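In case it helps, the numbering used here puts the sequence shown at residues 5 to 125. In this text, a Cβ means the ideal position worked out from N, Cα and C, and glycines have one as well. Treat the numbers as computed from the prediction; the structure is a model and nothing was measured. Okay, so here's the structure we're looking at.
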Amino acid sequence: MNDLGTNIKIFDFAWQIFGAICVTIYHFISVRNKATKNEFDGLKTSLANESKARERDDLRNKERIRDLENKIEHLATRDDLQEIELKIATINQQLVGVVSGLEALSKTTGEIQTYLLDNKL
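Shown next as structure tokens:
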């Protein structure tokens, strides 16, 4: 009987060791799963933040594109530039006429002054 009691004690001790090993393994698996869940939650949060940042960047880029398109619409075209060049050429011709008129007026004024001085009027 003594052997049977010893065998039961050995079996009970082995069962306790097996139970402790199972509990330890379960503990490490559950801790690892929690760590994995925390890592997964962190990745989800990080990806959500990255997605929001990209959306903000996309909105900023779309706004910049709209601003550039508005600026491009207000740029002069080749036809506009040719029209401006034509107006400048017309103004230059008119200025030449004005300068010629002023020179003639100056010459006439000089002649009048000379006549007045010569005749002492």
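Residue i versus residue j - alpha carbon distance
i      : j     : result
Arg64  : Asp71 : 11 Å
Leu120 : Gln98 : 32 Å
Leu79  : Ile69 : 15 Å
His31  : Ala24 : 10 Å
Thr10  : Trp19 : 14 Å
Ile88  : Asn96 : 12 Å
Phe44  : Ser55 : 16 Å
Ala52  : Asp61 : 14 Å
Residue i, DSSP secondary structure in three states
i      : result
Leu106 : helix
Thr112 : helix
His31  : helix
Met5   : Residue placement at Met5 cannot be trusted, given a pLDDT of 48 that sits under 50; what the coordinates show is reported in the next sentence. DSSP places Met5 in coil when its eight states are reduced to three.
Leu85  : helix
Lys41  : helix
Buried/exposed call for residue i, threshold 16 Cβ in 10 Å
i    : result
Met5 : Its pLDDT being 48, under 50, Met5 is placed unreliably by the model, and nothing is read from it.
The ligand ADP heavy atom lying under 6 Å from the CB of residue i
i     : result
Gln98 : The ligand ADP is absent from the structure shown, which contains no ligand whatsoever.
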